[in-house]
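Numbering (mature numbering (1 follows the signal peptide of the UniProt record, and there is no 0)), first residue to last: -25 to -1, 1 to 361.
Ideal Cβ positions, reconstructed from N, Cα and C, are used throughout, including at glycine.
Predicted model, so just to flag it, every value in this text is computed and none were measured.
Right, dumping it as structure tokens:
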């Protein structure tokens, strides 16, 4: 069944592309044109130069080839003249969606209203559209994400980032089996991450950072084998890091920093051979650093600072041949810097301050690192931005 779902979703992309073939000679649906004009009348930016093309034949209100909505700014149609795409990104649109007649657009698969001054709630009626792409990001939308969003079963891209949305992430989003990108970051969303996100079998990128999410990270987050990017940082998440992250063989970025996570770092993280950025800093993680992290030979950035990690630095870290930035300051690490650090030819930043490391046994490693031009060693705290 999962394989069938993956085969079906790309079909929507093909249909999506065909619908985008805008023809200048096509006559737009009069109902669709009137629906756009009624919405335009409610906008504070109705007279914007970008929307001056939105007009019908003034003699009889008909849709001539000259005034067809298919020729309006930001509008594309299919061969039958029905609107399939509305792209008003960064167009100075100021208003709400409360008067937008969603049911009037039976073929609208692409809606991009990003980077405007739109405010108010996201209407639940948006679920009546056959959308594949929905971007309402960088506006001033407020209120809750309507659970009806789960009815957009063809949706592949969902971007609500940088708004003023609050409340919980609706579990109904887990019904969007074709979804590849979910971006809800920089809002005021709270409550737990719904375990239903584990049902998103085509998900590639998950952006939930800069919110007020709480509770544990659900183990189901390790279900979508397609996941490549996970950003859950800058929230209030608690509990352990799920070992199921180790199932995500395609993962390249895992950012969990600035939360309240506890427990040890799972050994399974060392299975993620494709990681290029691993950042767990500023949490309450404890226990020893798993030697399995030394398997991450493609990893340039590893940030574990500001935790309660103890024990020694694994000698296996000398296998991190791609590491450029290694930061483990403000922990309870002891022992010496492994001599194997001398093998780290790409290392440019090494921050180990505020630990219980001994210096005398570390001199061979220091000398080896200095020979390779490293600018920072254990005595530096340095900037910690990621």
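Between which two residues does the alpha helix (DSSP H) holding residue 92 run? No alpha helix (DSSP H) contains residue 92, which is instead part of the beta strand (DSSP E) from 92 to 95.
Could you give the uninterrupted runs of the beta strand (DSSP E) lying entirely in the region 97 to 147, keeping only those of 3 residues or more? Qualifying beta strand (DSSP E) stretches, in chain order: 108 to 110, 115 to 119, 132 to 134 and 139 to 142.
Could you name the residues of the same chain whose beta carbon sits closer than 6 Å to that of residue 4, not counting the 5 residues immediately before and after it, in chain order? 57
Enclosing alpha helix (DSSP H) for residue 9 [first to last residue]: 5 to 16
Give the DSSP-derived three-state secondary structure of residue 219 in the structure shown. helix
Roughly how many whole angstroms lie between the Cα atoms of residue -17 and residue 125? 16 Å
Helix, strand or coil at residue 89 according to DSSP, with G and I counted as helix: coil
Since residue 61 and residue 25 should fall inside the 8 Å C-beta cutoff, what is the C-beta to C-beta distance between them, to a whole number of angstroms? Contact flag wrong, Cβ pair sits at about 13 Å.
Indicate whether the contact test is met: 3 or more Cβ pairs, each with one atom in the region 126 to 134 and one in the region 155 to 170, closer than 8 Å. By the Cβ criterion, the region 126 to 134 is in contact with the region 155 to 170, since at least three pairs of Cβ atoms, one from each stretch, lie closer than 8 Å.
Can you give the Cα-Cα distance for residue 68 and residue 277, rounded to whole angstroms? Their Cα atoms are separated by approximately 42 Å.
Can you say whether residue 137 is buried or exposed, counting buried as having 16 or more other CB atoms within 10 angstroms of its CB? buried
Where does the unbroken beta strand (DSSP E) through residue 326 begin, and where does it stop? 324 to 326
Cβ-based burial, residue 345 [other Cβ within 10 Å; buried from 16]: With a pLDDT of only 42 at residue 345, under 50, the local geometry of the prediction cannot be trusted, and no value is derived from it.
Select from 288, 249 and 274 the residue whose C-alpha is nearest the C-alpha of residue 262. 288
Taking Cβ to Cβ, would you say residue 298 is nearer than 7 Å to residue 322? Going by C-beta atoms, residue 298 is nearer than 7 Å to residue 322.
Member of 100, 324, 93 and 198 whose CA lies at the smallest distance from the CA of residue 66: 93
Please report the residue range of the beta strand (DSSP E) in which residue 227 lies. No beta strand (DSSP E) contains residue 227, which DSSP labels as neither H nor E.
In chain order, what residues of the same chain have a beta carbon less than 8 Å from the beta carbon of residue 169, not counting five sequence neighbours either side? Counting only Cβ-Cβ distances below 8 Å, and skipping sequence neighbours, we find 143, 144, 145, 146, 148, 149 and 193.
Residues bridged to residue 213 by DSSP? In DSSP, residue 213 forms a bridge with 191 and 235.
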